[in-house]
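A quick write-up on the structure given underneath.
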Amino acid sequence: MRGSRNPMDGDSIRSSFIRFFEEREHLHMPSASLIPAGDPTLLFTSAGMVPFKPFFMGEQTPPRRRLTSCQKSFRTTDIDEVGDHKHLTFFEMLGNFSIGDYFKPDAVAFAWDLCTGLFGLEPERMYVTVHLDDDEAYDIWHNDIGVPPERIYRYGNSDNWWGPAGLEGPTGPCSELHYDGGAEKGIGQHPVTDEMMTPDDLTAMLRREADEGIPAEPGGCHPNCDCERFVELWNLVFMQFYQDLDGVRTPLPAPSVDTGMGLERAAAVLQGKPNVYETDLFRPIIDSVCRLTGREYGSDSETDYAIRVVAEHARAASVLISDGVVPSNSERGYVLRRIIRRAIRYGRQLGLDRPFMTDVAAAVIDRFAAAYPALSENRDFIQRVVGLEETQFLDNIRHGMPLLEDILHYLKTPDANPPALLETAGVDADGLAAARASESIPSAVAFVLYDTYGFPPELVDEIGRREYGLAVDMDGFNVEMEAKRERDRAGHQVIGSMEIVTAYENLGAGHTAFDGYYRTSIESRILGILRDGEAVGQATRGQQVEIVLAETCFYAEGGGQVGDRGVIAGPNGRVNVEDTQSPVAGLIVHRGVVAEGDIALGDAISAQVESERRLDASRNHSGTHLLHAALRSILGPHVRQAGSLCDTGRLRFDFNHVGAMTPDEQLSVQSLANSKIRENLAVTARETTYTDAVRDGALAFFGDRYGDVVRVVRMGSADSDGHDHADPFSFEVCGGTHVHATGQVGTLVVLGESSIGGGMRRIEAVTGRAAEELVVQQSATLQAISQKLQAPVQELEARLDAYMADTDALRRRLAETERVGMRAEAESLLARVRDVEGVKLVASVTSASNVESMREMGDYLKQKLDSVVVALGAVIEGSPMIVTMVTPDLVDRGLHAGNIARDAAKLMGGGGGGRPETAQAGGRQPDRLGAALDSVTNLVRDGLAT
RNA sequence: GGGGGCUUAGCUCAGUGGGAGAGCACCUGCUUUGCAAGCAGGGGGUCAGGGGUUCGAAUCCCCUAGCCUCCA
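Here's what the structure looks like:
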């Protein structure tokens, strides 16, 4: 092998692959973000063809029919497998694509030339697979390329058929290239023999499986075998059919090719390494983990496994963060959180009990900065996010630790108090006994710790074993976990309302042309009228209608911007439009009431948007773009729009961010936005293709589905002739209406910033008229306060402080006076001590204004009299209240303050209770307070008797 | 989107239907000039918000919000 003398490093494999295809007229497309743009159904970009899906689906025109790329990819399916030699979450996928251009012969030839020529792999080590029925591909490999039959294998649908992705779409057979690492790698890993099966034998076996359902059980080795001999290097997908919803396949007029080669695997093969972790793509990261832990890679399998987990997850996490993912409790952010935490867990296993992920992330950034500049651009942010997540996880563990310690302690020493968590986990006495008998920690406990506190079961096990000799029942844990999955799945339900959509479709109006970006009035014709969801020919005064026009200048609610209001005037009547919506893509519906006369299908009308209101919304919409750009500039490029509202009054902007914004950051954002407003930047819009827009650097809001043609809005990049310059302040894909220059926004005032869930923040602001109104209102409030406090605005704060200090002093003095009064009253009560069978009793109505005072009087009496029963009453805010006290010596003689209070209160229509020494009671009949207190004498007598 | 948990002093958190607490931090004084100093005193609370049950709710019930966590 030529590569073995001077093996290619990962970077040159990447670049030479791209160059190879560029030389063959392919256009090099830069890697798209790991966050798929415009495809809300997909969590991550998981393969090279994902960004090109609209091209393959025929929804968009590709910039060229031959494309090549090295695509960052992320797959969540085998996170828990990562750590072995094979699985990765993040990987780079090299690929060449033909969109209706060349097909099998060229694709095969390219792949062969690249492997055996550019990569210098020995042809004898290359094995080829094709689909059972794909004789075309077989013949090309055999006749044109010259691969001998003994190295061409056929496989069925599970191995060599692709697609469709989803319910319908392009689909077709695949052909794969496998690299033979040598027979010795597979020794002892086969059911019967380590010898290769012949292609004919395997084909016959797979045919029987496909036709007769007899499971294929290969006894020997073959390219798709589970042993470690073969590496699947390259997958060529031949999209030659279109499969519809019923599963019927029709040949595509222009078949396409999609191929994918994992960069990491290619590097392992070309560098002669046993697995991807030994390649130069991983080695620097592995080395950094070793430096941190003081361990050596290759010393023992358990250590190696942990090192690989840390390295892989740190790499994946860094790239995810550089693409704008931030840890959170759901979706992408949750996947990121999981891999960071999994890495920390394995780091712990390597003896790292202090934060270390930022250091590993640094190694990742250093290694990949050249290929992915976004990594070094976001270096600080990546490290900060990883560091924060690490501290948060350590916090969780710190919180869970005492809970776990209590349980472990209780399992070992049964006479301790049972921890509450046991009950939460639903562990009964039997379960407890079983756990103690088997020296194990009940799986329900581990589950609750994990489910509620994020405390990993592996850690419970580790601590349990080390400190108490107790292990976690992992099987039981997995059962609990599976049960939870079932429960959560049951909670899922999707409701769709198709009837509404069809009502609009039945209108037959199809598509409404929108011409409202630069005008607010238009002449058009009524194409459809809906009343209560039914198409009608006309409508009369007072009726609620929905109107479809041939062409409109009314903006339909979308992109966070509210729909327009206005008037549609026809020859015989007028409609007040209250809202404009787009219930079906491309169709604009005006909702409102016929205000005068009547309207009918076909009427020629003039439509007029309420322009002041439209302008308010436009100001807010432009305001969100300014905010978005300012936020990215101040907080970092990870800021990504998650939703927005551009109403007429205020605007709202939701975005990803770690933690709350500081007041300083809020001010900086506001100040930057306002300086751009004062610069009066030109706001220009033009139409382009989605791909071009994104390639030029326009921000696109994930979650929106963009069509073939999109509109991009720039602020601050066009000169007076309308030519675009580099580096606009703001550049977004957006269909909303905007002001013509930022100065029209007026002023932007940030109202506040708040959380809307993990990793998501919301900022609210006002612009233009609303901002002015806010200032007017606030200064009016200030003036009013200033009048009331009799002080100029500048001195308000000092004046208020003085008032508060005064109030404070007065309150204290009042309390003190009251206390003195109460003391005096208490003293007078000393003269009214009665004797009930040798027990001193004070029972009296007082003038106390709160229960507190009565307690203080009681305390005083207890202190003075040593041994006494006190029952004090007062009417507080209309309700009779009683406080009772019994000194400890009398409690010993059977008296109970709580019982006395309760029984006495019955006489005034209430109840009460408390502790033996102190209690209180209340009632509903103030006039019975005296009687209640009188009854205490008898209650004491009864209490002493029993 | 669904499940579980939490929200009490500036911070970390106890709190069992009947007097809102501890440690740290803060302030004052004393003591001492050294490693988390010590002693004494003090200030600081919408017990997340709202509703309900009750004579009485931080505590029980319901709703809302925020945060943590697991799952999708």
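For my numbering, add 1 to where a residue sits in the first sequence, where the first one is 1. Ideal placement from N, C-alpha and C gives every residue a C-beta, glycine not left out.
Of the residues Cys71, Ser257, Ile786, the one placed nearest Thr46, counting alpha carbons only
Among Cys71, Ser257, Ile786, the Cα nearest to that of Thr46 is on Cys71.
Can you tell me where the alpha helix (DSSP H) holding Asn621 begins and where it ends?
Start and end: 612-636.
Does DSSP classify Met9 as helix, strand or coil?
In the structure shown, Met9 falls within a coil segment according to DSSP collapsed to helix, strand and coil.
Between the CA atoms of Ala48 and Thr204 - distance to the nearest angstrom
Using only the alpha carbons, I get a separation of about 29 Å.
Tell me whether Glu487 sits in a helix, a strand or coil according to DSSP, three-state version.
Reduced to three states, the DSSP call for Glu487 is helix.
Below 7 Å, is the gap between the Cβ of Ser300 and the nearest heavy atom of the ligand SAH?
Inclusion of the ligand SAH in the displayed structure is not the case, the ligand content being empty and no account of it being possible.
Cβ contact (3+ pairs, closer than 8 Å) linking the region 276-283 and the region 259-268:
Verdict: yes, contact present.
Among Gln545, Gly571, His591, which one has its Cα closest to the Cα of Ser553?
One point to set straight first is that residue 553 is Thr, not Ser, in the sequence displayed. Residue His591 is the option with its Cα nearest to Thr553.
Between which two residues does the beta strand (DSSP E) holding Trp235 run?
Secondary structure note for Trp235: its beta strand (DSSP E) is the uninterrupted segment 231-244.
Where does Thr130 sit, in a helix, a strand or coil, going by DSSP?
In this structure, DSSP gives Thr130 an extended state, which the three-state scheme calls strand.
Spatial neighbours of Arg903 in its chain, beta-carbon cut-off 7 Å, leaving aside the 5 residues before and after:
Non-local C-beta neighbours of Arg903 in its own chain, meaning closer than 7 Å and more than five positions away in sequence, comprise Gly912, Gly913, Gly914, Ala922, ordered along the chain.
So Val751 and Ala766 are in contact, right, with Cβ under 8 Å, and what is the actual spacing, rounded?
Confirmed, Cβ separation roughly 5 Å.
Identify whether Thr62 lies in helix, strand or coil by the three-state DSSP scheme.
Note: Thr62 maps to coil in three-state DSSP.
Of the choices Cys647, Gly874, Asp890, Ala932, whose alpha-carbon is the least far from that of Gly559?
For the residues Cys647, Gly874, Asp890, Ala932, the minimum Cα distance to Gly559 belongs to Cys647.
Per the contact definition of three or more C-beta pairs closer than 8 Å, is the region 321-330 in contact with the region 241-260?
Not touching, per the Cβ criterion.
Go through the region 807-884 residue by residue and report every complete run of the alpha helix (DSSP H) that reaches 4 residues or more, in order.
For the region 807-884, whole alpha helix (DSSP H) runs of length 4 or above, ordered along the chain, are 852-866.
By a C-beta neighbour count over all protein chains shown, 10 Å radius and 16 as the cutoff for buried, is Val428 buried or exposed?
Around the beta carbon of Val428, a 10 Å sphere encloses 16 or more other beta carbons of the protein chains shown; the residue is thus reported as buried.
Since Val179 sits in a beta bridge, which residues does DSSP pair it with?
The displayed chain sequence assigns His, not Val, to residue 179. Looking at the DSSP assignment, His179 forms a beta bridge with Tyr128, Glu233.
Report the rounded CA-to-CA distance for Val837 versus Glu817, giving the unit in angstroms.
The alpha-carbon of Val837 is positioned some 34 Å away from that of Glu817.
Using the beta-carbon count (16 or more within 10 Å), is Lys54 buried or exposed?
By the C-beta density criterion, Lys54 is buried, having at least 16 other C-beta atoms within 10 angstroms.
Mind checking which residues open and close the alpha helix (DSSP H) that includes Tyr335?
Note, Tyr335: alpha helix (DSSP H), 332-350.
Is there contact here, the region 429-436 with the region 317-328, by at least three beta-carbon pairs under 8 Å?
The region 429-436 is not in contact with the region 317-328.
The beta strand (DSSP E) with Val71 in it runs from where to where?
According to the sequence displayed, residue 71 carries Cys and not Val. Note, Cys71: beta strand (DSSP E), 67-75.
What does the alpha-carbon distance come out to for the pair Glu733 and Asn379?
Each residue's CA atom was taken as its position, placing Glu733 and Asn379 some 21 Å apart.
Of all the options Thr260, Ala601, His658, Gly11, which has the alpha carbon lying nearest to the alpha carbon of Met50?
Across the set Thr260, Ala601, His658, Gly11, the C-alpha of Thr260 shows the shortest separation from the C-alpha of Met50.
Within a Cβ cutoff of 7 Å, which residues of the same chain sit near Ile340, ignoring the five residues on either side of it in sequence?
These residues qualify, in order along the chain: Ile80, Thr90, His314, Ala317, Ala318.
Complete alpha helix (DSSP H) runs within the region 356-406 (minimum length 4 residues, chain order)
Entirely contained in the region 356-406, the alpha helix (DSSP H) runs reaching 4 residues are, in chain order, 358-369, 374-378.
Determine the direct distance from the alpha carbon of Pro192 to that of Val502, and round the result to whole angstroms.
Any answer about Val502 is weak, because its pLDDT of 48 lies below 50 and its placement is not dependable; what the coordinates show is given next. Computed Cα separation, rounded: 57 Å.
Suppose you measure from the CA of Met402 to the CA of Tyr451; what does that come to, to the nearest Å?
Straight-line Cα distance between these residues: approximately 12 Å.
Please classify Ser522: is it buried, with 16 or more other beta-carbons within 10 angstroms of its beta-carbon, or exposed?
Taking all protein chains in view, the Cβ of Ser522 is surrounded by fewer than 16 other Cβ atoms within 10 Å, so the residue is classified as exposed.
What does the Cβ neighbour count give for Asn939, buried or exposed, with the cut at 16 atoms within 10 Å?
Exposed is the label assigned to Asn939, since fewer than 16 other Cβ atoms lie within 10 Å of its Cβ.
With distances taken Cα to Cα, identify the nearest neighbour of Thr77 among Ala166, Gly334, Gly147.
Checked all of Ala166, Gly334, Gly147; the closest Cα to Thr77 is Gly334.
What does Thr768 pair with, by DSSP beta-bridge criteria?
Leu749.
Where does Ile496 sit, in a helix, a strand or coil, going by DSSP?
Its pLDDT being 35, under 50, Ile496 is placed unreliably by the model, and the measurement read from it follows with that caveat. Secondary structure of Ile496 (DSSP, three-state): coil.
Excluding sequence positions up to five away, which residues of its chain have a Cβ less than 7 Å from the Cβ of Thr689?
So the qualifying residues of the chain are Val711, Val713.
Could you check which residue in Pro52, Glu93, Val871, Tyr278 has the C-alpha nearest to that of Ile14?
Nearest option by C-alpha distance: Glu93.
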